Amino acid sequence: MTAPVDRLPPRSRPSRFAIGSVIGIVVLTYLAGRAVDFDLSGLVTDLTRPNSVIDGLLDPDWTQIWSRRSRSAFIETLQLAVLGTTFGAIIALPLALYATDYGAPNRIVRSGLRLLNSVIRSLPDLLWALLFVSAVGIGALSGLLALFFFSIAVISKLTTDTLDAIDRDPIEAGVAVGATNTEMLRTAVLPQILPSYVSFVLYGFEINLRASAVIGLVGAGGIGERIQFFQGRGEWEKLWGLVILFFLVVLVVEQISAFFRRRLV
Amino acid sequence: MIRFSDVSVVYDGGVRALSNLDLEIEDGEFVVVVGLSGAGKSTLIRAINGLVPLTSGSLQIDGREVTDLDRTGLRELRSEIGMVFQGFNLVDRTSVLNNVLMGRLHSVPTWRTVLGRYPADDVAVAAAALERVGILDKARVRASHLSGGQRQRVGIARALAQEPKLILADEPVASLDPPTSHVVMRYLKTISAELGITTVVNLHFLDLATAYADRIVGLRAGELVFDGPGSECDAGVFESIYGRSLTADDTMDNQAAL
Numbered sequence: 011m012t013a014p015v016d017r018l019p020p021r022s023r024p025s026r027f028a029i030g031s032v033i034g035i036v037v038l039t040y041l042a043g044r045a046v047d048f049d050l051s052g053l054v055t056d057l058t059r060p061n062s063v064i065d066g067l068l069d070p071d072w073t074q075i076w077s078r079r080s081r082s083a084f085i086e087t088l089q090l091a092v093l094g095t096t097f098g099a100i101i102a103l104p105l106a107l108y109a110t111d112y113g114a115p116n117r118i119v120r121s122g123l124r125l126l127n128s129v130i131r132s133l134p135d136l137l138w139a140l141l142f143v144s145a146v147g148i149g150a151l152s153g154l155l156a157l158f159f160f161s162i163a164v165i166s167k168l169t170t171d172t173l174d175a176i177d178r179d180p181i182e183a184g185v186a187v188g189a190t191n192t193e194m195l196r197t198a199v200l201p202q203i204l205p206s207y208v209s210f211v212l213y214g215f216e217i218n219l220r221a222s223a224v225i226g227l228v229g230a231g232g233i234g235e236r237i238q239f240f241q242g243r244g245e246w247e248k249l250w251g252l253v254i255l256f257f258l259v260v261l262v263v264e265q266i267s268a269f270f271r272r273r274l275v
Numbered sequence: 134m135i136r137f138s139d140v141s142v143v144y145d146g147g148v149r150a151l152s153n154l155d156l157e158i159e160d161g162e163f164v165v166v167v168g169l170s171g172a173g174k175s176t177l178i179r180a181i182n183g184l185v186p187l188t189s190g191s192l193q194i195d196g197r198e199v200t201d202l203d204r205t206g207l208r209e210l211r212s213e214i215g216m217v218f219q220g221f222n223l224v225d226r227t228s229v230l231n232n233v234l235m236g237r238l239h240s241v242p243t244w245r246t247v248l249g250r251y252p253a254d255d256v257a258v259a260a261a262a263l264e265r266v267g268i269l270d271k272a273r274v275r276a277s278h279l280s281g282g283q284r285q286r287v288g289i290a291r292a293l294a295q296e297p298k299l300i301l302a303d304e305p306v307a308s309l310d311p312p313t314s315h316v317v318m319r320y321l322k323t324i325s326a327e328l329g330i331t332t333v334v335n336l337h338f339l340d341l342a343t344a345y346a347d348r349i350v351g352l353r354a355g356e357l358v359f360d361g362p363g364s365e366c367d368a369g370v371f372e373s374i375y376g377r378s379l380t381a382d383d384t385m386d387n388q389a390a391l
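One line per chain: the protein sequences are A and E, in this order. Residue numbers for the first sequence follow this note's numbering, so the first one is 11 and each next one is one higher. Residue numbers for the second sequence follow this note's numbering, so the first one is 134 and each next one is one higher.
Right under this line is the structure:
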């Protein structure tokens, strides 16, 4: 009798699909690199060339951290992130709940909501900002609207994934007691997803804080507008001072948020 | 009264779960449905509260034709029928009391449910239901912290909180050990007797069925093959229901001894 290890069933071979996929990814990466003339040496020569932007990074203007105008731009950014996330989160929850196969009152509502969700999710933060800057003009209101829609996209997407993975048995119990859809969602589904949902809202807030810097670049208010201002005047030391301050704020907010999220799930 | 007349249920894949079933259940009866898995026990129970639609035939509950009910009518019917599940079907992440309050959803306004502000009267009904199954002290505990037997008692309390005319129990003890199974069966039996609630229970253990049933209904491949009092149901009858000779696996006490 041979040893058990010699009688192990043969290892299954990787499927053709897996092999094909790996080859496909390698070929696509190579073609994409060629198409954009990717060249590592170019990166090195560009970095060593005299460059006022890099000089500013090496000697940032720390006074920017305490200047009054930068501070008020920061407060505006935080306000945008808080308001955009809060209102977005309130709308995202029903959008996700009523788009599920068990939560939708009928097929028309479900398809309608799913279409709406995918439209909202397909636009990145910067495009939302551009859209509202063109529609309602430069300023914080555009930023708020952009972050509002961006929050709906992020939070409803993550919540939908959680909703797909819940325990379905309580739903049957809810239907069996004669509950309406809304009552069933509130009592059988919401308690299951609530910790994850709150965690997603905090995560949405982190993302919005970073996004608020980007959308400011197209004139949607907050810290991004101030960065844009220094960039336009070529004041790189001040710009980098601001970026360092932004980095510190994001770091602190993320640590606090991560602390709460760990306790939730 | 529940009246099945020539009821058939065929699932989408072509599986015939119930075949030309005729059955009447009087008010206040304690009926146990037995049969192998796949014999149509679950389908029979779920047809009564409209969770499974009939393919053909007629099913009347207190004179109402189940197949004729619209959404609202179906919710109305379900609110009068408590259901107890094999897997308990509790919401683990909330309190026992909140689980039992689900049984009150039909009478609580939706906005109150959404806010979680249940009327005092409904909380009182839920508390009384928990008292009846002996776990009022666990009301504020998370459902996930209870043992299997306690969880099924919460399931019974949730059904009781509906103040139902009828309780359907689908394999209520299949996930429990023998002593706990007897506790749960005794609660179902006592509640049915004291409150006069018609009760239909699916079981696959013969000894449990004969110990608790007033009346036993035997299903085999979706057809009614036995209908009579528990006392008439001997080994020969069970062999005809199961279509084979009995083994130790078919009785709970013997299986527990294995």
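Don't be surprised by glycine CBs; every beta carbon is placed ideally from N, CA and C. All of these numbers come straight from a predicted model, not from anything done at the bench.
Query, Result
"Any beta strand (DSSP E) of 3 or more consecutive residues that is wholly inside the region 182-240 of chain A", "none"
"Candidates A230/A, D71/A, A99/A and I64/A: closest to Y213/A by CA position", "A99/A"
"Whole-angstrom distance between F239/A and A163/A, CA atom to CA atom", "29 Å"
"Separation of Q285/E from F270/A, as counted between CA atoms", "34 Å"
"Residue-chain proximity (L238/E, chain A), Cβ-Cβ < 8 Å", "yes"
"Any C-beta of chain E under 8 Å from that of D179/A", "yes"
"Sheet register partners of N335/E (DSSP bridge)", "V166/E and D303/E"
"Through-space distance from L210/E to L357/E, alpha-carbon basis", "25 Å"
"Exposure label - V143/A; buried when at least 16 CB within 10 Å", "buried"
"Cβ-Cβ distance between G168/E and R291/E below 8 Å", "no"
"Alpha carbon of A83/A to alpha carbon of P205/A, nearest angstrom", "32 Å"
"Span separating the alpha-carbon of R272/A from that of T331/E", "48 Å"
"Below-8 Å beta-carbon distance, L184/E vs any chain A residue", "yes"
"Nearest-angstrom Cβ-Cβ length linking M217/E and A302/E, presumed shorter than 8 Å", "Sequence check: residue 217/E is Val here, not Met. Right, their Cβ atoms sit about 4 Å apart."
"Per-residue DSSP class, three states only, for V274/E", "coil"
"Residue ranges of each beta strand (DSSP E) within the region 208-274 of chain E, 3 or longer", "214-217"
"Sequence-distant residues of its chain with Cβ nearer than 8 Å to G159/A (five each side left out)", "Note that residue 159/A corresponds to Phe in the displayed sequence, not to Gly. Within the same chain, F159/A has close Cβ partners G98, I130, L133 and W138."
"Proximity to V350/E [Cα-Cα], best of D340/E, V334/E and Q295/E", "V334/E"
"Within 8 Å, strictly: CB atoms of T170/A and F210/A", "no"
"Whether S222/A touches A42/A by CB criterion (8 Å)", "no"
"Within chain A, partners of L223/E - CB distance below 7 Å", "P180"
"Helix, strand or coil at E159/E [DSSP, three-state]", "coil"
"Residues that Q202/A contacts on chain E, provided the C-beta gap is smaller than 7 Å", "V224 and R226"
"Residue nearest to G234/A in terms of C-alpha spacing, selected from I101/A, L88/A and V208/A", "L88/A"
"Exposed unless 16 or more other CB atoms sit within 10 angstroms - verdict on A198/A", "buried"
"Proximity winner among M385/E, R377/E and G329/E, relative to L341/E (alpha-carbon distances)", "M385/E"
"Neighbour flag for V247/E against chain A, beta carbons, 8 Å", "yes"
"Best match in D270/E, D367/E, Y320/E and H239/E for proximity to G184/A [C-alpha to C-alpha]", "H239/E"
"Where G231/A falls, given that 16 or more other Cβ within 10 Å makes a residue buried", "buried"
"CB of N222/E within 8 Å of CB of D179/A, strictly", "yes"
"Residue-chain proximity (R208/E, chain A), Cβ-Cβ < 8 Å", "yes"
"D71/A to G52/A span [Cα, whole Å]", "30 Å"
"Per-residue contacts from G190/E into chain A (C-beta, under 9 Å)", "Within chain A, no residue comes near G190/E; the closest Cβ sits about 22 Å away, beyond 9 Å."
"Uninterrupted beta strand (DSSP E) stretches inside the region 76-146 of chain A (no shorter than 3 residues)", "none"
"Per-residue contacts from T243/E into chain A (C-beta, under 8 Å)", "T190, T192 and E193"
"DSSP three-state assignment for G351/E, whether helix, strand or coil", "strand"
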